[in-house]
Each structure stands twice: as structure tokens, then as C-alpha cells.
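**Q**
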């Protein structure tokens with residue numbers, strides 16, 4: 001309830017906590033957790049990440065700008081595929097988690 | 106793939122680049138290919154579809170694939186000590202509706218274009234780089250080919266896996282695509298024609314056996330000394346061309362099977378062709394459970410097995426990039442298996458020894474003088 005209240009009032013301080021898979025460490029120089037200023041959408045957030053870590057967007061998005069099939073992005077624990085994809089709003093969002101699917105051998 | 110090289114005694118350093126399902130490994134020999142020093146894995150856990158060396162620029166190149174994070178090309182100028190990814194990796198243009206799902210074969214361009222590289226990708230298309238791999242541009246002639254929407258994938262996907270440049274003319278290029286066939290351009294990719302004449306494709310029920318395209322080419326090699334001579338291992342046979350691919354002749358003759366994936370060639374002196382037959386597409390195992398390289402010294406008129414040093418019980422499988430000849434004199438031949446064995450021969454295949462027995466599944470083997 002308190003969480004919902006904070007979100008509705010935008011009480012996350014205008015910052016978003018971003019948690020990145022350790023597999024992206026070659027781009028992030030080993031950082032897998034950071035805070036960024038609130039952005040309007042997941043797409044805008046990926047742009048911010050790419051300006052900080054050049055090339056990381058190539059690992060998250062395919063050639064047509066869609067999220068790669070086996071990349072999962074969670075916005076406050078919700079998979080963006082269940083929302084509005086890369087256009088999902090980040091207004092009032094506290095946390096974005098970027099992880100690979102558990103797949104393969 | 107055999108490339109045009111000066112015949113030299115093997116008193117320099119020989120490199121063996123091995124791409125596997127779980128990373129890339131580099132083997133180096135300074136004693137005429139007797140012993141090998143290993144480094145790697147580079148890109149541990151990543152799928153390396155091709156790992157090669159550009160002798161013009163002294164750089165290693167790797168086709169690095171990740172199911173999750175997508176493909177890229179990685180480059181090292183210090184024999185694998187450090188790597189960097191292409192700044193602009195191969196990407197299809199926005200609006201094309203296509204995305205590169207895997208990167209396959211990397212091919213250095215001609216000697217007079219030292220920064221030119223070619224790359225085959227999946228879905229099948231050619232990319233080229235004119236800045237030694239820093240950036241890649243799609244070949245629009247192939248991307249917009251009139252038949253492209255009819256192309257169908259083989260079992261390994263719709264991949265461009267073979268690229269043959271031609272030292273006689275930098276604008277000439279062959280490409281092999283499964284299951285589309287052989288394509289040729291004489292204007293540096295401005296336009297592409299098919300070169301599948303007399304190449305069998307009998308897997309289409311009720312369809313033409315010799316269509317314009319749709320052939321399942323597995324690998325093609327060029328004879329460096331007689332460059333109009335091409336040889337291809339195909340799903341439906343082994344074929345020879347003596348006119349730079351314009352028409353082909355089936356040369357399976359006494360081979361135990363028409364089916365296999367790799368093909369390699371010794372162009373250093375007396376020509377010898379190497380293939381690795383499997384029982385067939387219905388059973389992709391060596392005949393009788395014994396893996397043998399088969400060779401021909403007369404352009405495929407007769408074939409004979411070469412298996413001295415290979416275990417009698419050897420259900421090995423070698424993929425299309427998995428066997429190469431080093432073009433030296435005497436010619437070294439190398440193959441890597443999907444069960445992680447790496448074999449070499451310093452005697453044109455007359456005897457074999459195992460270099461490594463514990464690698465991940467091997468996708469590609471490439472060789473070069475340093």
C-alpha cells in the first residue's frame with residue numbers, strides 16, 4: 001500500500017534503479033547496478049544506458065529496434081512484454097531489471 | 106579454406122583457430138606442426154561459428170554468437186590477449202524487417218584491398234567491411250535479390266556459410282547459402298546470379314531435380330593454383346566445376362556416401378581433395394561407425410579412405426567449417442569433431458594424430474601461417 005502511494009506521488013526521487021545481468025559486464029566495466037534519472041520509457045532508458053556504455057543497446061535490441069527474443073526486461077517486477085514493450089512508461093517506476101532468459105544448453 | 110599463398114617451408118609459426126560451442130581456442134606451433142601451444146577459451150560460453158586469421162593485417166577474427174545477446178564480430182591484434190567488438194556490427198537496415206540472428210563465415214578480401222573483409226550471416230546475406238572489421242555494410246544486391254522471399258533454410262538455418270574471393274578480380278565473389286545454392290557476383294555485389302547448373306536437389310517431392318536455386322550446398326573450396334576449379338560438398342553429392350562455377354559435375358563415384366559437410370583441398374603441389382562422408386541425411390554418422398576422411402588425387406574420379414591414426418570406433422561428426430588444409434608443403438590437414446576431438450595430419454592425411462581430445466563441440470577449424 002505504501003509502495004503504491006509512493007509510486008502515485010512520484011516519490012522515487014525521480015531516479016530509477018537499474019539492475020543489469022552480469023553477462024553485460026564487458027560493456028558496463030563490471031557494474032551491474034546503478035541509478036539513473038527517470039526517463040519516459042524503456043526505449044529512452046536504453047538510450048541512456050547506451051550513452052553510458054556504448055554498444056550495450058546492440059545487445060538488447062535487434063536490428064529493427066525490438067527487444068531481443070531472449071532478453072527480458074522487468075519494470076517493477078513486470079515483464080514489459082506484458083505491458084507496452086519498449087514503449088512501456090517508466091513514470092513513477094522504481095526499478096528496471098534486465099536479464100537473459102533461462103534457456104539453452 | 107585454401108587461400109592463395111606463397112609456397113613456403115613451414116619454418117614460421119603455424120596457427121590453428123578452433124571455434125566451438127563454448128568459446129574459441131588458438132593453437133600455435135613453431136616446430137613444423139609437431140607440438141601445439143593452446144590459448145583460450147576466448148569468449149567462454151559463447152558460440153563461435155568461425156574463428157580465423159587475417160594474415161594481411163595480423164589479426165584474429167571471430168564470429169561470436171549468443172542466443173540471448175545476439176551476434177557480433179570480435180577482433181584481436183595481439184593474438185587473443187585483448188579483443189574488441191566491431192563498433193558497428195552487421196545489422197540489417199531499419200525497415201527491412203530482418204535481423205541478424207547469427208554470424209557465420211568471415212573471409213579476408215584480396216591482397217590489394219587490405220582492409221576489405223566479408224561476412225556471411227543468418228538469415229542469409231553478405232556483409233562487407235572496408236575498415237578491417239570496425240563497421241559492416243549489407244550487400245544490397247543480395248538483400249534485395251528477386252528470389253529472396255522464396256529462399257528456404259536448411260537444417261542449420263538460412264545461412265551464408267561460404268565466401269570465395271578471387272585474387273584475379275576483386276569484384277568477383279562466390280557465396281554458398283543453405284539451402285539456396287551457389288551465387289556469384291562479378292560487380293562486387295551489385296547483382297548476383299545463381300551457379301547451380303547440374304547440381305542435384307532431389308529433396309523437393311515432385312519438383313524439378315535441378316532447379317535454378319534451392320540447392321543445399323554445404324561447403325565450397327577453390328583450387329588456389331587453378332582458380333577456375335571449384336569443388337563443393339552438397340547435400341546431394343560432391344560436385345566439381347572447371348569453369349568457375351558456371352556448371353558442375355557430380356563426382357561421388359566410389360565414395361561411400363554422397364552426404365557430408367566439409368570439403369578441403371591441398372593446392373600446394375599435387376592436388377588432393379578431402380571430404381568426410383556420413384551415411385546420409387537420414388543417419389548423420391560415419392559408415393560402419395568408423396570416421397574416415399576420404400581423398401581424391403584425380404579431381405574426384407576415384408576416392409580412397411584416410412584413417413590411419415583415427416580410432417576404429419569413432420562416431421565422429423565434422424561440421425561444414427570443421428576441416429581445413431593449410432596449403433603448405435607437405436600439406437597439413439585438420440579436422441574438429443562435434444564431440445571435441447581435434448585431429449591433424451602433417452602428411453596430406455596419410456596419418457592422423459589427435460591434438461586435443463577435450464574441447465567443446467567444434468564448429469570451425471581454420472589454419473594460417475602467422
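Protein chains in written order, with the numbering used here: chain A, 1 to 105; chain B, 106 to 475. Think of the CB as a built atom: it goes at the ideal place given N, C-alpha and C, for glycine as much as any other residue. Source: prediction; values computed, not measured.
1) Which parts of the region 267 to 299 of chain B are runs of the alpha helix (DSSP H), unbroken and 4 residues or longer, counting only runs that do not cross its ends?
2) Can you tell me whether DSSP reads residue 233 (chain B) as helix, strand or coil?
3) Between residue 403 (chain B) and chain A, is the shortest Cβ-Cβ distance under 8 Å, so that the two count as touching?
4) Between A:69, A:23, A:100, A:58, which lies nearest to residue 178 (chain B) when the distance is taken from Cα to Cα?
5) Report the rounded CA-to-CA distance for residue 422 (chain B) versus residue 388 (chain B), giving the unit in angstroms.
6) Looking at the unbroken alpha helix (DSSP H) that takes in residue 27 (chain A), where does it start and where does it end?
7) To the nearest angstrom, report how far apart residue 13 (chain A) and residue 94 (chain A) are at their CA atoms.
8) Which same chain residues, not among the five before or five after residue 450 (chain B), have their C-beta less than 7 Å away from its C-beta?
9) If you reduce the DSSP assignment to three classes, tell me which class residue 394 (chain B) lands in.
10) What are the residues in the region 43 to 63 of chain A lying within 9 Å of chain B by C-beta distance?
11) Whole angstroms is fine: what's the gap from residue 280 (chain B)'s alpha carbon to residue 350 (chain B)'s?
12) Comparing the C-beta of residue 253 (chain B) with each C-beta of chain A, is any distance below 8 Å?
13) Which residues bound the alpha helix (DSSP H) around residue 83 (chain A)?
14) Excluding sequence positions up to five away, which residues of its chain have a Cβ less than 7 Å from the Cβ of residue 347 (chain B)?
15) Considering only the alpha carbon of each residue, which of B:206, B:270, B:337, B:447 lies closest to residue 302 (chain B)?
16) Hey, how far is the Cα of residue 56 (chain B) from the Cα of residue 360 (chain B)?
17) Could you name each continuous beta strand (DSSP E) segment of 3 residues or more that falls completely within the region 240 to 270 of chain B, going from the start of the chain to the end?
18) Kindly indicate which three-state DSSP category residue 122 (chain B) falls into: helix, strand or coil?
19) Relative to the alpha-carbon of residue 145 (chain B), which residue among B:159, B:233, B:186 has its alpha-carbon at the smallest distance?
20) If the cut-off is 8 Å on Cβ atoms, which residues from the region 205 to 216 of chain B count as contacting chain A, listed in chain order?
21) Starting from residue 20 (chain A), trace the beta strand (DSSP E) both ways and give me its first and last residue.
22) Scan the region 169 to 184 of chain B for residues whose Cβ lies nearer than 9 Å to a Cβ of chain A and list them as they occur along the chain.
23) On the criterion of 16 or more Cβ atoms from any shown chain inside 10 Å, does residue 140 (chain B) qualify as buried, or is it exposed?
24) Do the region 381 to 396 of chain B and the region 222 to 229 of chain B meet, that is, are 3 or more Cβ pairs less than 8 Å apart?
25) Measuring straight from C-alpha to C-alpha, what distance separates residue 430 (chain B) and residue 235 (chain B)?
26) Taking 7 Å as the limit between beta carbons, can you name the residues of its chain near residue 220 (chain B), skipping five residues before and five after?
27) If contact means a Cβ-Cβ distance below 8 Å, which residues of the region 334 to 359 of chain B contact chain A?
**A** The structure says:
1) none
2) The sequence position of residue 233 (chain B) within the second chain is 128, counting from 1. DSSP places residue 233 (chain B) in strand when its eight states are reduced to three.
3) Counted from its first residue, the second chain places residue 403 (chain B) at position 298. So no, residue 403 (chain B) is outside the interface.
4) Translated into the one-based positions of the second chain, residue 178 (chain B) becomes position 73. The shortest C-alpha separation from residue 178 (chain B) is found at A:58.
5) Locating residue 422 (chain B) in the second chain gives position 317, counting from the first residue. Locating residue 388 (chain B) in the second chain gives position 283, counting from the first residue. Straight-line Cα distance between these residues: approximately 11 Å.
6) Locating residue 27 (chain A) in the first chain gives position 27, counting from the first residue. That run of the alpha helix (DSSP H) goes 25 to 28.
7) Here residue 13 (chain A) refers to the residue found at position 13 of the first chain. Here residue 94 (chain A) refers to the residue found at position 94 of the first chain. Rounded to the nearest angstrom, the two C-alpha atoms are 9 Å apart.
8) Counting from one through the second chain, the residue named residue 450 (chain B) turns up at place 345. Hits under 7 Å: 437, 438, 456, 457.
9) As a working mapping, residue 394 (chain B) is identified with position 289 in the second chain. Note: residue 394 (chain B) maps to helix in three-state DSSP.
10) 54, 55, 58, 59, 60, 61, 62, 63
11) Walking along the second chain from the start, residue 280 (chain B) turns up at place 175. Walking along the second chain from the start, residue 350 (chain B) turns up at place 245. Each residue's alpha carbon lies about 11 Å from the other.
12) Against the second chain, residue 253 (chain B) aligns to sequence position 148. For residue 253 (chain B), the answer is no, since every Cβ of chain A falls outside 8 Å of its Cβ.
13) Translated into the one-based positions of the first chain, residue 83 (chain A) becomes position 83. Here residue 83 (chain A) belongs to no alpha helix (DSSP H), and DSSP marks it neither H nor E.
14) As a position in the second chain, residue 347 (chain B) is number 242, starting the count at 1. 333, 334, listed in sequence order.
15) Position 197 of the second chain, counting from 1, holds the residue named residue 302 (chain B). Ranking B:206, B:270, B:337, B:447 by Cα distance to residue 302 (chain B) puts B:337 first.
16) Residue numbering for chain B in the displayed model covers 106 to 475; residue 56 (chain B) lies beyond these limits and cannot be assessed.
17) 264 to 270
18) As a working mapping, residue 122 (chain B) is identified with position 17 in the second chain. Three-state result, residue 122 (chain B): strand.
19) Along the second chain, read from residue 1 onward, the residue named residue 145 (chain B) stands at position 40. If we check each option's Cα against that of residue 145 (chain B), B:186 comes out closest.
20) 205
21) Taking the first chain and counting its residues from 1, the one referred to as residue 20 (chain A) is at position 20. Where residue 20 (chain A) is concerned, the enclosing beta strand (DSSP E) stretches over 15 to 20.
22) 171, 172, 173, 174, 175, 177
23) Counting from one through the second chain, the residue named residue 140 (chain B) turns up at place 35. Residue 140 (chain B) is exposed by the Cβ-count criterion.
24) no
25) In the second chain, counting from the first residue as 1, residue 430 (chain B) sits at position 325. In the second chain, counting from the first residue as 1, residue 235 (chain B) sits at position 130. Cα to Cα, residue 430 (chain B) sits roughly 27 Å from residue 235 (chain B).
26) Taking the first residue of the second chain as position 1, residue 220 (chain B) is located at position 115. Within the same chain, residue 220 (chain B) has close Cβ partners 235, 236, 237.
27) none
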